[in-house]
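Worksheet for the structure shown next.
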Amino acid sequence: MAMSSKQIVELNVNGIPHQLLVEPRKTLADVLRDDLGLTGTKLGCEHGVCGACTVLVDGRAIRACLMFAVQAQGPEITTVEGLASDGELDHIQKAFAENHGLQCGYCTPGMLMTAHAFLAENPEPTREQICEGMNGNLCRCTGYQNIIKSTAAAAKAAK
Amino acid sequence: MSRYFAPTTAAEAAALLAEHGGARVVAGGTDLVVAARGGKHRMPEVLIAIHGATDLASLVENEDGVRLGALTSHAWIERSPLIGSHWSALADASALVGSPATRANGTLGGNLMNASPAMDTGAPLLVFEADVELLSLRGTRTVPVADLLAGAGRTTAEPDELLTSVRLPDLPPATGSAYVRLEHRRAMEIAVVGAAALVTLGDDGRVADCRVALSAAAPTCVRAREAEDLLRGLRPDGASFRDAAALATGAVQPITDVRASARYRRAMISVVVSRALAVAAARAAGTDIAVPANRNLPTVTAGSTG
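Taken in order, these protein sequences are the chains called A and B.
Residues in the first sequence are numbered from 634 upward in steps of one, following this note's numbering.
Residues in the second sequence are numbered from 12 upward in steps of one, following this note's numbering.
Below you can see the structure in the form of structure tokens.
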């Protein structure tokens with residue numbers, strides 16, 4: 634079989650089913666961005682360290698740069714584009730906007746998705762737990778203090 | 012990579028491995044994709060993704076201990092009250108792997124088969140004298156973890172063998188264990204050096220049995236038997252731990268790499284061994300030290316003899 638052999642991949646992204654013809658070597662991040670045009674998911678290091686490409690797969694935060702798209706068939710995938718509804722930001726996005734939780738914004742989609750998974754599991758975190766839960770995501774502007782503050786505010790807003 | 016398979020059972024995965032020479036198994040992808048990106052290994056031509064093989068995600072408890080399916084994630088291990096209370100060193104280790112996202116996807120089976128000398132779960136599995144089950148079309152065989160690890164990135168599993176589960180043998184009463192590592196930062200980190208310890212206390216309060224294993228100190232995770240031999244029969248105090256830890260240095264051939272020099276590693280091995288022994292002994296005595304021990308080390312006074 635040729636290197637470029639493609640196969641049909643069915644992905645469920647932000648509640649919408651997609652059928653795509655992709656090469657098995659393509660990562661979920663590349664398929665989200667290139668094939669589905671969902672460029673909210675950012676690519677930073679492309680080897681699992683920076684967290685910019687974090688998306689939710691059945692609610693779990695995963696690195697879209699480390700998962701092949703063919704592996705992501707079946708579960709519900711949520712990207713940053715799936716957070717707002719009817720043009721209204723969700724409570725975590727609002728908390729980041731209100732608490733200056735972003736500077737250049739490149740890490741923000743990954744931060745938001747990580748915060749989602751983290752707060753779903755730990756709805757009333759201490760500051761220490763927020764630092765631990767968000768520590769796999771890098772911010773190149775080093776705006777960590779406000780990211781921590783935003784995550785705490787989001788937890789408060791959800792109550 | 013040109014072909015991709017997603018078997019739904021372990022048997023199906025083993026059949027695919029037999030059929031496609033050179034195929035690689037992927038579970039969480041947290042090592043395989045990273046290695047391919049970094050140019051360490053080529054992306055395999057055939058990939059067998061086992062995340063959908065539900066029989067590899069099982070947990071079986073019986074009188075021999077507990078058997079964890081190869082797909083058991085670090086996140087599950089880190090939070091399991093069963094592992095945390097009985098096989099604490101493994102929970103300590105899984106809780107330190109990568110980031111929350113790495114732990115959600117990364118698996119115990121993958122960590123073992125990737126066979127990095129710096130893997131966090133290796134040293135704990137060695138002190139528990141854990142074994143693994145390997146499946147192929149020829150049948151199933153049981154291999155102690157100590158015999159599975161063959162070198163940096165190498166195992167004794169045949170190319171067509173699939174690791175299906177890891178068995179943690181039951182432990183005697185008054186036993187505690189811990190895994191401690193030296194790290195430059197708290198997330199997305201790999202051990203500079205690490206040590207797992209297991210301590211069983213006798214009725215007289217002395218060390219009835221103990222085991223010590225090291226990570227990132229040799230081409231594979233290794234036991235430090237001289238340290239173990241010295242400690243048996245001694246009082247579990249700081250002085251004994253330091254004497255035993257000094258002997259652990261003899262078990263290793265550390266290397267110089269981006270994280271540390273060989274000399275620094277050699278010097279730090281006794282530090283992590285001593286810490287791991289202290290936590291393991293405290294846990295054996297019933298003291299509650301939260302997982303991961305690395306972030307909850309008891310305060311040690313300088314020069315204290317415990």
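C-beta: ideal position from N, C-alpha, C; glycine also.
Would you list the residues sitting across from residue i in a DSSP beta bridge?
i	result
B/Q264	According to DSSP, which records beta bridges pairwise, B/Q264 is partnered with nothing at all.
B/S188	B/L209
B/E23	According to DSSP, B/E23 bridges with nothing at all.
A/A694	A/L689
A/F701	A/T660
B/C221	B/V210
A/E721	A/S718
B/A17	Answer by DSSP bridge pairing: none, since B/A17 is not bridged.
A/H651	A/L644
B/R178	B/R78, B/D142
B/L119	Its beta-bridge partners do not exist; DSSP assigns none.
B/T298	Note: B/T298 sits in no beta bridge, so no partner.
B/E59	Reading off the sequence, residue 59 of chain B comes out as Ile, not Glu. Per DSSP, B/F16, B/V36.
B/S84	B/T118
B/S226	B/G205
B/L5	Absent from the structure is residue 5 of chain B, since the part of chain B shown begins at 12 and ends at 317.
B/V154	B/V143
B/L173	B/L146
B/L193	B/V204
Does the beta-carbon of residue i have 16 or more other beta-carbons within 10 angstroms, so that it is buried, or is it exposed?
i	result
B/E30	exposed
B/D215	exposed
B/A269	It is Val, not Ala, that sits at residue 269 of chain B in the sequence shown. By the neighbour-count rule (16 or more Cβ atoms within 10 Å), B/V269 is not buried but exposed.
B/V71	exposed
B/N307	exposed
A/Q726	buried
A/A635	Note that A/A635 scores a pLDDT of 42, beneath 50, so its modelled location is shaky; the value from the coordinates is reported in the next line. By the 10 Å Cβ count, A/A635 comes out exposed.
B/N73	exposed
A/C740	buried
B/I280	buried
B/S127	buried
A/C737	exposed
A/A786	buried
A/A662	buried
A/Q704	buried
B/T316	Residue placement at B/T316 is poorly supported in this model, since its pLDDT is 42, which falls under 50; the coordinates are not used for a value here.
B/L107	buried
B/A38	buried
B/L93	exposed
B/A163	exposed
B/R133	It should be pointed out that residue 133 of chain B corresponds to Gly in this sequence rather than to Arg. B/G133 should be labelled buried.
A/E643	exposed
A/T660	buried
B/R196	exposed
A/C774	exposed
B/H85	buried
B/A35	According to the sequence displayed, residue 35 of chain B carries Arg and not Ala. Answer is buried; the Cβ neighbour count reaches 16.
DSSP state of residue i, grouped into three classes?
i	result
A/E709	strand
B/R114	helix
B/H97	helix
A/M636	Any reading at A/M636 is ruled out, since the residue's pLDDT is 48, under 50, leaving its predicted position unreliable.
A/V682	coil
B/S91	coil
B/R53	coil
A/I780	helix
B/S127	coil
B/A168	coil
B/N73	strand
B/R306	helix
A/R760	helix
B/L6	Since the displayed chain B opens at 12 and closes at 317, residue 6 of chain B lies outside it and no answer follows.
B/L160	strand
B/T132	coil
B/L43	helix
B/L67	helix
A/R773	coil
B/D215	coil
A/Q726	helix
B/L107	coil
A/T674	coil
Can you give the beta carbon distance from residue i to residue j, rounded, assuming they're within the 8 angstroms contact cut?
i	j	result
A/N768	B/S110	6 angstroms
B/L159	B/T151	Not really, about 14 angstroms apart at Cβ, beyond 8 angstroms.
B/G40	B/V57	At roughly 15 angstroms, the Cβ-Cβ gap does not stay under 8 angstroms, so B/G40 and B/V57 are not in contact.
A/N779	A/G766	That belief does not hold up - the Cβ atoms of A/N779 and A/G766 are roughly 16 angstroms apart, past 8 angstroms.
B/L173	B/S147	7 angstroms
A/Q640	B/Y15	7 angstroms
Say yes only if the C-beta of residue i is nearer than 7 angstroms to one or more non-hydrogen atoms of the ligand GDP, and no if none qualify.
i	result
B/L136	With respect to the ligand GDP, the structure offers nothing, as it holds no ligand at all.
Practice prompt. Could I get the ranges of all uninterrupted beta strand (DSSP E) runs contained in the segment 228-290 of chain B, with 3 residues as the minimum, in chain order?
Written response: none
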